[in-house]
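Heads up: the sequence shown is residues 1 to 351, going by the UniProt record's numbering.
Shown next, in structure tokens, is the structure this report addresses.
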Amino acid sequence: MEPNILSTDSKTLTEKDLQNEESSITTKTIDENDKQNRSESYIKTEGWFRTEPKWFNIANISFFHLCFVYACFTFNFFENLMTTAWIYGMIIIAGFGVTGGVHRFWTHQSYKAKWQLRTILATCYAAAGMNDIFEWVRDHRVHHKYTDTNADPHNSNRGFFFSHVGWLMMKKHPDVIRKGCEIDMSDVLADPIAVFSIKYSPILKFIFAFLLPVMLPVYAWNETWSRAFVSQIFIRYILVLNFTWSVNSVAHIWGSKPYDEHLNATENLFVNCATVGEGSHNYHHVFPWDYKASEFHDFVTTNIIKFFSKIGWAYDLKEASEKLIKTVAINRGDGSHSLWKAVPYPASKIE
Ligand SMILES: [Zn+2]
Ligand SMILES: [Zn+2]
Numbered sequence: 001m002e003p004n005i006l007s008t009d010s011k012t013l014t015e016k017d018l019q020n021e022e023s024s025i026t027t028k029t030i031d032e033n034d035k036q037n038r039s040e041s042y043i044k045t046e047g048w049f050r051t052e053p054k055w056f057n058i059a060n061i062s063f064f065h066l067c068f069v070y071a072c073f074t075f076n077f078f079e080n081l082m083t084t085a086w087i088y089g090m091i092i093i094a095g096f097g098v099t100g101g102v103h104r105f106w107t108h109q110s111y112k113a114k115w116q117l118r119t120i121l122a123t124c125y126a127a128a129g130m131n132d133i134f135e136w137v138r139d140h141r142v143h144h145k146y147t148d149t150n151a152d153p154h155n156s157n158r159g160f161f162f163s164h165v166g167w168l169m170m171k172k173h174p175d176v177i178r179k180g181c182e183i184d185m186s187d188v189l190a191d192p193i194a195v196f197s198i199k200y201s202p203i204l205k206f207i208f209a210f211l212l213p214v215m216l217p218v219y220a221w222n223e224t225w226s227r228a229f230v231s232q233i234f235i236r237y238i239l240v241l242n243f244t245w246s247v248n249s250v251a252h253i254w255g256s257k258p259y260d261e262h263l264n265a266t267e268n269l270f271v272n273c274a275t276v277g278e279g280s281h282n283y284h285h286v287f288p289w290d291y292k293a294s295e296f297h298d299f300v301t302t303n304i305i306k307f308f309s310k311i312g313w314a315y316d317l318k319e320a321s322e323k324l325i326k327t328v329a330i331n332r333g334d335g336s337h338s339l340w341k342a343v344p345y346p347a348s349k350i351e
């Protein structure tokens, strides 16, 4: 791969873009895109490191997963189909909060949202029962800036288990903490809805991830308390966690790399289905500022954002132009792109 070829192509491309494309389509060069996405000055990566285990997290995560396995084998999913549908409904609600909210909106600012939508995003995110918005955004910004290095909280070079859940069971690598402190979080702290959500995270999590999802089946369709509890806490909650974690593990290990073969991040259809549209992870790492997080797969989250854009609650939706995607795929992809295959220089130059 020749970096100078890339920059020449991308300059030509940008001039054309500026002349021809609508202003709503974001125009960037590959070089600009790289500078914005990743840190070139830090490339340290090593294997295992010594650190202290977080025993509470180990016990907590293990207990919930044992209950999940037991519940999957003993819970009768056909006894009341409303209860089973509600598991799926909550996966969509929580999934939208994670993907459309804390990920594409607060972390990547890939679109802007009015207070009404930000309130919905914060509520849906609370339903996922994860860390508060500040921690999630900081960890994910570090992940993008220092992907698969020592400073990446879930460095996938340490294997599936570490990148999936192991990283939550131990104290972070010193470089993760050091680089995490340098991340600019001023935009999140300037958003009163995000600040409220961070301040009251434990109570919001209790209400929207556990209390209301369990109460609804009991009062709306006479489900028993035990079945409502097991289906929502031991099954749905653990599924949402694992679906989200699969982006860091599965989508950094298995799949194709049509946009940049030098990244660990991949395109993975399973992850795409499990996470309501976050499985185009190779695309996402190359264009993290694109609100669709994918070139072709407009899944649940993207369509919901499009709906809110139609009623004016979401606006300034950022997208990568087709020409920029084409240039990147041809020059850096692994040849698996359905339209544009990598060809050797000099044929790869875009006229
Ligand atoms: Zn990633
Ligand atoms: Zn991201």
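Backbone N, C-alpha and C fix where the C-beta goes; we use that ideal spot for every residue, glycine too.
Everything numeric in this text was worked out from a predicted model, so none of it was measured.
Beta-carbon contacts of residue i that lie in its chain and below 8 Å, excluding the five residues immediately before and after
i           : result
residue 142 : 151, 152, 153, 176, 179, 180, 183
Same chain, Cβ closer than 7 Å to residue i, five either side skipped, listed in chain order
i           : result
residue 75  : 230, 231, 235
residue 325 : 295
residue 188 : 106, 133, 134, 137, 194
residue 25  : Its pLDDT being 38, under 50, residue 25 is placed unreliably by the model, and the measurement read from it follows with that caveat. Same-chain partners within the cutoff: 319, 321.
residue 171 : 51, 52, 54
As assigned by DSSP and simplified to three states, the class of residue i
i           : result
residue 321 : coil
residue 153 : coil
residue 309 : helix
residue 223 : coil
residue 333 : coil
residue 326 : helix
residue 135 : helix
residue 199 : helix
residue 112 : strand
residue 27  : Note that residue 27 scores 48 on pLDDT, short of 50, meaning its location in the model is unreliable and no value can be drawn from it.
residue 163 : helix
residue 130 : coil
First through last residue of the alpha helix (DSSP H) which encompasses residue i
i           : result
residue 183 : Per DSSP, residue 183 belongs to no alpha helix (DSSP H) and is neither H nor E.
residue 277 : From DSSP, residue 277 is part of no alpha helix (DSSP H); its letter is neither H nor E.
residue 239 : 237-248
residue 89  : 81-96
Heavy atom of ligand 2 within 6 Å of residue i beta-carbon
i           : result
residue 258 : no
residue 192 : no
residue 174 : no
residue 213 : no
residue 53  : no
Contact test: residue i Cβ vs ligand 1 heavy atom, cutoff 6 Å
i           : result
residue 151 : no
residue 376 : Any answer about residue 376 is impossible in this case: the structure gives the chain only from 1 up to 351.
Own chain residues within Cβ distance below 6 Å of residue i, not counting five before or after
i           : result
residue 258 : 329, 333, 336, 337
residue 144 : 288
Exercise. Does the region 301-318 come close enough to the region 113-124 to have 3 or more Cβ pairs within less than 8 Å?
Worked result: Of all C-beta pairs linking the region 301-318 to the region 113-124, three or more are shorter than 8 Å, placing the two stretches in contact.
Exercise. Touching or not, the region 242-249 and the region 217-231, by the rule of three or more beta carbon pairs under 8 Å?
Worked result: The way I'd put it, the region 242-249 doesn't touch the region 217-231; fewer than three beta-carbon pairs between them come closer than 8 Å.
Exercise. Would you say the region 123-135 touches the region 268-275, given that touching needs at least three Cβ pairs under 8 Å?
Worked result: In this structure the region 123-135 does not touch the region 268-275; the number of beta carbon pairs closer than 8 Å is below three.
Problem set entry | Cβ contact (3+ pairs, closer than 8 Å) linking the region 296-310 and the region 88-105 | The answer is yes - the region 88-105 touches the region 296-310, with three or more Cβ pairs under 8 Å.
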